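Undergrad:
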Amino acid sequence: MPKKEKYHFNITYDRKELKKHISALAYREARRVNGPIYDVLITELLEDGLTYTAKHFQIEINTEDEYLRENVIRDRLKENPTLLFDIYDKCRIAEKMALLPNYEGLHKTFNLLHQIILTLQTPQNLKYDWLLQDILQIVTRIGEKLGPKSKLADQPLCHIYFSYAKLLSDRFGRHKTSIKYYDMAMKLSVDRNWLAEVRYLKKESCSKITQEVARKKAKSLLEMGRLSMSTDMDRALSFHRKALLILSEGGLAGNRADIICTLLTSAESYVDEKHYRLAHKILEDVENELKLLAPNKYDPMMSLRLALSKAISILNLGDEKESMRYFLKALELSRQLGRKEHEAKAMLNLGKLQELSNQKSWAKASFRKAIQFYSAAGDIKNYRRSTYVLADTMCHSLFPLILDLIKDSQQFCHRYMLRRWKNQMQPFWYCGTMAKLYDAKDDIKCLLHEDVASEFGPALVEI
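Position in the sequence shown counted from 1, then plus 72, gives you the working numbering.
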């Protein structure tokens, strides 16, 4: 049997020499496997001198940790490696392009950043909407600073500003700030044939980005007008006029539906402020525009809003017969469309018309239907308004009978019943006919000053 021999080898190696033969990419991949991945990616960015991206990556990591602790989110970005590395690679290349001399790569920077935004706007990535908001804010800030230095970046910048403006107006209600970015997007897209993103297209039409920006800006202006209507009507109507001007500049044919809705909003505002002649004039323009509207863009709500506003304005202008026709049309449309709030508003104003026509019982029925809806909907303001007009109608119905009681009452029970009725009707006493009696020197004045508590509470007795 051959004898086994043992050999000993002394192996030495130079670490520096060995490291030269290791691929940097392979080293980074190995480091990513060992993790933690967020720390590794920030280290890579710092090694490449990309300090701006590294700083914002760290901010987003801290934000994610905070949201996770507070149960705002459930999923971390690192749980979706494909999306994480896609965002990381594009951000890394975007900053490298921005650092090229003479801003040669700036258009590539904004193209890459726009691609990140589009990726996060897809339905499968909606759970990362917090990240989309932060990235839009950061990218918009970069665009404001560096965008003017490269004309080739106009198109992606236009879409970025548009997306950020939509976020501000639709998500946060910051309409005043959103208009600034709508204007910036519009300025970049003027005289350009750029199409809007697919998600903004309506049905099968191909809208230009200028048309979409105009529509969204007009919508924000209308919302600002609605919010300021109660405090400053002139300012609110100026917003409406600006919205109409913007839509008209975008083309009457393409924006006719939006123009009609804007006119209806203005008319409704005039009706609320009791400027009925101005409202009626605007509503006549709406009727003319509706005749020219394409059938595929017609919305039955337009006819409902038109009929209801026109009925109220005509009623207050004195044409009761024509007003009744529009009220009945509004009721029919509201029931077909299931719009209870419009039906209740129509019933409330129809009751006022019936009261003027001396149809007291029908008026009471209309008021009660309006009260039922507002009570179910929890609309306290309109519930109280409907209750008041019902009580006022009942008060005027009872008044002739009460005068007869005053003349004939000689016994205590009759006088007590009269006092009780007076206390029940106190909220509506100093208005209308009773106010005139109170101001005049009359024997009934002593009853007005008596303070006899009703043992039955403030409930009204239906007659």
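Where a beta carbon is used, it is the ideal one built from N, C-alpha and C, also for glycine.
Remember, it's a predicted structure, so these values are computed and weren't measured experimentally.
Report yes if the CB atom of residue 354 is closer than 8 Å to the CB atom of residue 335, and no otherwise.
TA: Yes, Cβ-Cβ distance for residue 354 and residue 335 is below 8 Å.
Undergrad: Rounded to whole angstroms, what is the Cα-Cα separation between residue 390 and residue 327?
TA: Rounded to whole angstroms, residue 390 to residue 327 spans 34 Å at the Cα level.
Undergrad: Suppose you measure from the CA of residue 329 to the CA of residue 370; what does that come to, to the nearest Å?
TA: Cα to Cα, residue 329 sits roughly 7 Å from residue 370.
Undergrad: So, for residue 87: in the same chain, excluding its five sequence neighbours on each side, which residues have a beta-carbon less than 7 Å away from its beta-carbon?
TA: Closer than 7 Å at the Cβ level, and outside the excluded window around residue 87, lies no residue.
Undergrad: For residue 214, does the count of other Cβ atoms within 10 angstroms reach 16, so buried, or fall short, so exposed?
TA: By the neighbour-count rule (16 or more Cβ atoms within 10 Å), residue 214 is buried.
Undergrad: Report yes if the CB atom of residue 368 is closer than 8 Å to the CB atom of residue 399, and no otherwise.
TA: No, the pair does not count as a contact, with Cβ atoms beyond the cut-off.
Undergrad: Leaving aside the five residues before and after residue 55 along the sequence, list all residues of the same chain whose C-beta is less than 6 Å from its C-beta, in chain order.
TA: Nothing can be reported for residue 55, as the shown portion of the chain is limited to 73 through 535.
Undergrad: Pick out whichever of 441, 431 and 428 has its Cα sitting closest to the Cα of residue 418.
TA: Residue 441 is the option with its Cα nearest to residue 418.
Undergrad: For chain B, is any of its Cβ atoms less than 8 Å away from the one on residue 287?
TA: The chain labelled as chain B is not found in the depicted structure, where only one protein chain is given.
Undergrad: Under the three-state reduction of DSSP, which class applies to residue 346: helix, strand or coil?
TA: Correct three-state label for residue 346: coil.
Undergrad: With 16 as the cutoff for other CB atoms within 10 Å, does residue 321 come out buried or exposed?
TA: Exposed, because fewer than 16 other Cβ atoms sit within 10 Å of the Cβ of residue 321.
Undergrad: Taking the Cβ atom as the reference point for each residue, do residue 159 and residue 202 lie within a distance shorter than 8 Å?
TA: Not in contact: residue 159 and residue 202 (Cβ atoms no closer than 8 Å).
Undergrad: Are the CB atoms of residue 193 and residue 204 within a distance shorter than 8 Å?
TA: Yes, the pair counts as a contact, with Cβ atoms nearer than the cut-off.
Undergrad: Check whether the Cβ atoms of residue 439 and residue 423 sit closer than 8 Å, and answer yes or no.
TA: It is a contact, given that the beta carbons lie within the stated cut-off.
Undergrad: Check residue 267 in the structure and name its three-state DSSP category.
TA: Residue state, collapsed to three classes: strand.
Undergrad: Distance check for residue 292 and residue 315, CA to CA, integer angstroms please.
TA: Straight-line Cα distance between these residues: approximately 9 Å.
Undergrad: Ignore the nearest five residues each way along the sequence and tell me which others in residue 305's own chain have a CB closer than 6 Å to its CB.
TA: Around residue 305: 345.
Undergrad: Would you mind working out which of 341, 288, 397 and 289 sits nearest residue 307, comparing C-alpha positions?
TA: Cα-wise, what sits closest to residue 307 is 341.
Undergrad: Looking only at C-alpha atoms, which of 246, 173, 120 and 166 sits nearest to residue 294?
TA: The candidate whose alpha carbon is nearest that of residue 294 is 246.
Undergrad: State the start and end residues of the unbroken alpha helix (DSSP H) segment that holds residue 307.
TA: From DSSP, the alpha helix (DSSP H) with residue 307 extends over 305-321.
Undergrad: Would residue 425 and residue 415 be called neighbours here (beta carbons separated by less than 8 Å)?
TA: No, they are not a contact pair.
Undergrad: Are the beta-carbon atoms of residue 229 and residue 182 separated by less than 8 Å?
TA: For residue 229 and residue 182, yes; Cβs fall inside 8 Å.
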